[in-house]
Amino acid sequence: MIDSAPALELRGITKRFGDLVANDGIDFDVRRGEVHALLGENGAGKTTVMRIAYGLTQADAGEVRVEGQPRIIRSPRDAISAGIGMVTQHFALVGPMSVAENLALGRSRGLRLDLAAARRRAASASDRFGIRIDPSLRVANLSVGQQQRVEIVKALSRDCRVLILDEPTAVLVPDEVNALFATLRSLVADGLSIVFISHKLAEVRAISDRVSVLRRGKLVGTAAGSTDERELARMMVGRPTFGVERVADGAAPSAKPILRIRGLHVAGANDLPAISDVSADVCAGEILGVAGVSGNGQTELVEVLSGMRRPTSGSAAVSGTELAGADPGQVMRAGVGRIPEDRHASLIGDLSVAYNLVLERLDDFGNGGRIDERRIRAHAVELIRRFDIRAGPDDPVATLSGGNIQKVLLARVLSRDPRVIVVSQPTRGLDVGATEYVRSQLLERRADGAAILLVSEDLDELIALSDRLIVLYEGRIVGEMAVADADPEQLGMLMAGRGRAA
Amino acid sequence: MIFVIDLLAATLRNATPLVYGTVGETYAERSGVLNLGIEGTMYAGAFAGFATAWATGSLLLGLLAAIVVGLAAGAVMALMTVTFGANQHVSGIGLTIGLIGLSEFANRLIFAGGELQRIEPMPILNPFGGLGEISAVFDQYALTWIAFLLIVPAAWWLLQRSSFGLEIRAVGENPEAADAAGVNVARTRYLALMIGGALMAIGGAFFTLALLGSFTLDIIAGRGWVCVALVIFGRWRIGRGVIGALLFSLVFSLQFRLRILPGFGELPFELLLALPYLVVIGALALSGRNVAYPGAYLKPYRRT
Ligand SMILES: Nc1ncnc2c1ncn2[C@@H]1O[C@H](COP(=O)(O)OP(=O)(O)OP(=O)(O)O)[C@@H](O)[C@H]1O
Ligand SMILES: [Mg+2]
Numbered sequence: 010m011i012d013s014a015p016a017l018e019l020r021g022i023t024k025r026f027g028d029l030v031a032n033d034g035i036d037f038d039v040r041r042g043e044v045h046a047l048l049g050e051n052g053a054g055k056t057t058v059m060r061i062a063y064g065l066t067q068a069d070a071g072e073v074r075v076e077g078q079p080r081i082i083r084s085p086r087d088a089i090s091a092g093i094g095m096v097t098q099h100f101a102l103v104g105p106m107s108v109a110e111n112l113a114l115g116r117s118r119g120l121r122l123d124l125a126a127a128r129r130r131a132a133s134a135s136d137r138f139g140i141r142i143d144p145s146l147r148v149a150n151l152s153v154g155q156q157q158r159v160e161i162v163k164a165l166s167r168d169c170r171v172l173i174l175d176e177p178t179a180v181l182v183p184d185e186v187n188a189l190f191a192t193l194r195s196l197v198a199d200g201l202s203i204v205f206i207s208h209k210l211a212e213v214r215a216i217s218d219r220v221s222v223l224r225r226g227k228l229v230g231t232a233a234g235s236t237d238e239r240e241l242a243r244m245m246v247g248r249p250t251f252g253v254e255r256v257a258d259g260a261a262p263s264a265k266p267i268l269r270i271r272g273l274h275v276a277g278a279n280d281l282p283a284i285s286d287v288s289a290d291v292c293a294g295e296i297l298g299v300a301g302v303s304g305n306g307q308t309e310l311v312e313v314l315s316g317m318r319r320p321t322s323g324s325a326a327v328s329g330t331e332l333a334g335a336d337p338g339q340v341m342r343a344g345v346g347r348i349p350e351d352r353h354a355s356l357i358g359d360l361s362v363a364y365n366l367v368l369e370r371l372d373d374f375g376n377g378g379r380i381d382e383r384r385i386r387a388h389a390v391e392l393i394r395r396f397d398i399r400a401g402p403d404d405p406v407a408t409l410s411g412g413n414i415q416k417v418l419l420a421r422v423l424s425r426d427p428r429v430i431v432v433s434q435p436t437r438g439l440d441v442g443a444t445e446y447v448r449s450q451l452l453e454r455r456a457d458g459a460a461i462l463l464v465s466e467d468l469d470e471l472i473a474l475s476d477r478l479i480v481l482y483e484g485r486i487v488g489e490m491a492v493a494d495a496d497p498e499q500l501g502m503l504m505a506g507r508g509r510a511a
Numbered sequence: 238m239i240f241v242i243d244l245l246a247a248t249l250r251n252a253t254p255l256v257y258g259t260v261g262e263t264y265a266e267r268s269g270v271l272n273l274g275i276e277g278t279m280y281a282g283a284f285a286g287f288a289t290a291w292a293t294g295s296l297l298l299g300l301l302a303a304i305v306v307g308l309a310a311g312a313v314m315a316l317m318t319v320t321f322g323a324n325q326h327v328s329g330i331g332l333t334i335g336l337i338g339l340s341e342f343a344n345r346l347i348f349a350g351g352e353l354q355r356i357e358p359m360p361i362l363n364p365f366g367g368l369g370e371i372s373a374v375f376d377q378y379a380l381t382w383i384a385f386l387l388i389v390p391a392a393w394w395l396l397q398r399s400s401f402g403l404e405i406r407a408v409g410e411n412p413e414a415a416d417a418a419g420v421n422v423a424r425t426r427y428l429a430l431m432i433g434g435a436l437m438a439i440g441g442a443f444f445t446l447a448l449l450g451s452f453t454l455d456i457i458a459g460r461g462w463v464c465v466a467l468v469i470f471g472r473w474r475i476g477r478g479v480i481g482a483l484l485f486s487l488v489f490s491l492q493f494r495l496r497i498l499p500g501f502g503e504l505p506f507e508l509l510l511a512l513p514y515l516v517v518i519g520a521l522a523l524s525g526r527n528v529a530y531p532g533a534y535l536k537p538y539r540r541t
């Protein structure tokens, strides 16, 4: 079945960013009708090497061949005309524009804007591969899963023969992952070649014909897609796998609710409520998991609990202190620590690690308006050690890898010993090592008696960490259960709005 | 009645340079570049148009010269902000200062010390001459007709309905996405800035080639800045920007006429002069909330 002539071949790709060698002589190829996974931890260089293939980054050395022919790829335009398409890690869509306009973008011949043709292409993608999107919708109003479909259709509509997907499942819920995999299978059956970037072992095994593993910019090796998880993990991190193990449950949570949410209503866009009548308690030493497909009120719930959004009615109190309508400073002083979904927005990229670590409490590190640099640095050195942050105190945060950025955020929040922790998607986009670390930190806080509200789209994570779960659908709690009673299938149904738990 | 007709005619006339400037600035900003070189570009367009028309005796050549100067000014702005990624505020203000300085320098070289030179300004056309009294509203210069009947619809169509306009908007909204879709971001911004520059310069040339028939110092008198405000007032939409230009021009023309009316004469004339600007500020304050700036406003684009 699989043709042996490589559809895309990378030879000796090397790329340096300053002193850092992001790609070190990488050889990679993908054959016709094959899914070839590229596996590696955060910062291994997966994105970089594929951005080079797509012309978004220029290699320092190396060669790109398409169907045996060397091609010089200076821009995505060159890549597109060579038959390469890419769905980037952060989607490259213009939010305020319609799907049709996004499909039409970049294909101009003359001035004519042929939206009808774009709609036809969307329809044909839906016929051929079952990818359904409404071309008249505004991209900004689509869910991430839908946006991803737009990206795939966009690449297909440019007649790509090789489709690169950079961590396509990072933003999807299980159902959507299954749908994506079905799409990918029908694409390879059609003769397309797919490069699938991921660091999730189970997914890589489920979808790929071959797996190439990168570690610190170097190709460790290429193996069959059926290689077992432990072996892949060993190649990826240099040690066998772990998965999330819940430390044999220390203490059961106390029955003392610290965070008490009552009848919360929050207005959303278009006069629809974002949250309706949500009530929940989180006790000391308990992790309450919030499950749900993104966009079902989780963001708004977290924002209310962080003092960034005013509910229309209802209350959320920490040991009697009302959070509803408080500002973020008051919320923090009430003992709430928050680790938000968008880590980059909570840190200032141009500022050093040391400054970011004290941003929320500058008053403690100065006297009368003067900032005490020495103490800030000492504080940073201490936290860098305690939280195993792989960076210096003076490095600007923007230069850190995703895992280290999350550690900076964790360090900033957890070093203040919050009694309530509101955390959202804590391990999204992190590699196994960093994920394990973040989860162990949360469990440690739980053991210390913190009340933790955990929002995550990763069901395995919710089940591994939480004591209880609530499921949000269209802003309402549609299910609540002890984690021992939860099974993924039932959760999946609830998250999809099908059925309501007793 | 005469008062109203005269007022409406003046409104269209005075709105003309603002329309060119606002449409030009809209193009620049929709591509993601705030072009504060507009004041200088209008000034240079006014001077280049006049000097060329004076030297050659041809208004058409004067207009062409203004367009060339506008294209060049847009290209320089693009060089600074797109190619070099320089700060857009600094580049724009620098461009304005530079162009005003250059124009005044050239003015002194060419018209050294002599008395004020004049050209025969472009004639007034009225295709609706037979409508009686009201037809006086349509006593307008060719550049006014061109602005409202040609430039505005064409610029709207190009920006909103053509693939080039889609590229301009995409590049101003999310250059990464445009780049990944195969759009040449730098080229698109250069073109948007150059088209915008040409329109601004025509707006400037309207003063010398049509309205006044001469070039005087401070001829633009801040109208470029008014256009920058009108673009925001219009929320980066061509149609709303033009409505803003008409509104400003209406108040501007009205206060001129109020001055000579009995009773208003006692008011300090500076107060009346400030009226249109106050209206713009007020309109901005009312409409400026929750405006959605182009996503990549002020941001240079670099591939990583
Ligand atoms: N534009 C850049 N400037 C400097 N360093 C960069 C740049 N882009 C990437 N890097 C660095 O190169 C290394 C490889 O990054 P890359 O994004 O390719 O990793 P990745 O394997 O895709 O990781 P992740 O799983 O987090 O997406 C990292 O250390 C990263 O910090
Ligand atoms: Mg990556």
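Line by line, the protein sequences give chains A and B. Using our numbering, the first residue of the first sequence is number 10, and each one after it goes up by one. Using our numbering, the first residue of the second sequence is number 238, and each one after it goes up by one. Think of the CB as a built atom: it goes at the ideal place given N, C-alpha and C, for glycine as much as any other residue.
1. Does the beta carbon of residue 410 of chain A fall short of 7 Å from some heavy atom of ligand 1?
2. Identify the continuous alpha helix (DSSP H) that holds residue 433 of chain A and give its terminal residues.
3. Residues in the same chain with beta-carbon distance under 7 Å from residue 454 of chain A, minus the five sequence neighbours each way, listed in chain order, please.
4. Only counting the same chain, and skipping five residues up and downstream in sequence, which positions put a Cβ closer than 8 Å to that of residue 313 of chain A?
5. Give the interface partners of residue 324 of chain B over in chain A, defined as CB-CB distance under 9 Å, in chain order.
6. With 16 other CB atoms within 10 Å as the buried threshold, where does residue 320 of chain B fall?
7. Please report whether the beta-carbon of residue 243 of chain B lies at a distance below 8 Å from any beta-carbon of chain A.
8. Counting only Cβ pairs nearer than 7 Å, list the residues of chain B close to residue 110 of chain A.
9. So is the beta-carbon of residue 326 of chain B under 7 Å away from any non-hydrogen atom of ligand 1?
10. Could you check where the beta strand (DSSP E) with residue 295 of chain A kicks off and where it finishes?
11. Give me the residue from A:338, A:208, A:465, A:245 with the minimum Cα distance to residue 371 of chain A.
12. Could you tell me the distance, in whole angstroms, from the CA atom of residue 200 of chain A to the CA atom of residue 360 of chain A?
13. Within its chain, find whatever has a CB closer than 8 Å to the CB of residue 449 of chain B; leave out the 5 residues flanking it on each side and keep chain order.
14. Counting only Cβ pairs nearer than 8 Å, list the residues of chain A close to residue 351 of chain B.
15. Report yes or no: is there a C-beta of chain B within less than 8 Å of the C-beta of residue 103 of chain A?
16. Residues near ligand 2, CB to any non-hydrogen atom under 7 Å, in chain order?
17. Taking beta-carbon pairs under 7 Å, can you tell me which members of the segment 115-141 of chain A lie near chain B?
18. Can you name the residues of chain A whose CB is closer than 7 Å to the CB of residue 425 of chain B?
19. Is the Cβ of residue 413 of chain B closer than 8 Å to any Cβ of chain A?
20. Let me check understanding here. Comparing Cα to Cα, which of B:354, B:397, B:349, B:307 lies closest to residue 332 of chain B?
21. So what's residue 95 of chain A in DSSP terms, helix, strand or just coil?
22. Taking residue 388 of chain B as the reference, give the member of B:324, B:263, B:314 with the closest Cα.
23. Residues of chain A with a CB under 9 Å from the CB of residue 407 of chain B: which are they?
24. Buried or exposed: which applies to residue 156 of chain A, given that a residue is buried once 16 or more other Cβ atoms fall within 10 Å of its Cβ?
25. Could you list the residues in the segment 288-314 of chain B with a C-beta less than 8 Å from some C-beta on chain A, going in chain order?
26. Just to confirm before moving on: does the CB-CB distance between residue 147 of chain A and residue 107 of chain A stay below 8 Å?
27. What in chain A is Cβ-close to residue 417 of chain B, meaning under 8 Å?
28. Which residues share a DSSP beta bridge with residue 269 of chain A?
29. What do you get for residue 133 of chain A, buried or exposed, if any count of 16 or more other CB atoms within 10 angstroms of its CB means buried?
30. Please confirm whether any heavy atom of ligand 1 lies closer than 7 Å to the CB of residue 49 of chain A.
31. Checking 8 Å against the spacing of the C-beta atoms, do residue 516 of chain B and residue 493 of chain B come in under that value?
32. Secondary structure at residue 427 of chain B, three-state DSSP: helix, strand or coil?
33. Name the chain B residues that come within less than 7 Å of residue 393 of chain A, Cβ to Cβ?
34. Since residue 78 of chain A sits in a beta bridge, which residues does DSSP pair it with?
35. Which word fits residue 356 of chain B, buried or exposed, when buried means at least 16 other C-beta atoms lie within 10 angstroms of its C-beta?
36. When you measure from the CB of residue 52 of chain A to every non-hydrogen atom of ligand 4, does any distance come out below 7 Å?
According to the structure data:
1. yes
2. Segment 429-433 is the beta strand (DSSP E) holding residue 433 of chain A; no alpha helix (DSSP H) there.
3. 423, 430, 461
4. 273, 275, 284, 319, 320, 325, 332, 333
5. Neighbours of residue 324 of chain B on chain A: none; closest Cβ ~15 Å, over 9 Å.
6. exposed
7. no
8. 403
9. no
10. 295-300
11. A:338
12. 48 Å
13. 358, 456
14. The contacting residues do not exist; residue 351 of chain B stays about 47 Å from chain A at best.
15. yes
16. A:55, A:56, A:98, A:175, A:176, A:206
17. 115, 117, 120, 121, 122
18. The premise fails here: residue 425 of chain B is roughly 10 Å from chain A at the closest Cβ pair, so nothing lies under 7 Å.
19. yes
20. B:307
21. strand
22. B:263
23. 103, 106, 110, 111, 114, 115
24. buried
25. none
26. yes
27. 63, 65, 85, 95, 97, 101
28. A:290, A:326
29. exposed
30. yes
31. no
32. helix
33. In chain order: nothing, as chain B lies at least about 26 Å away.
34. A:75
35. buried
36. As for ligand 4, it is missing from this structure, which binds only ligand 1 and ligand 2.
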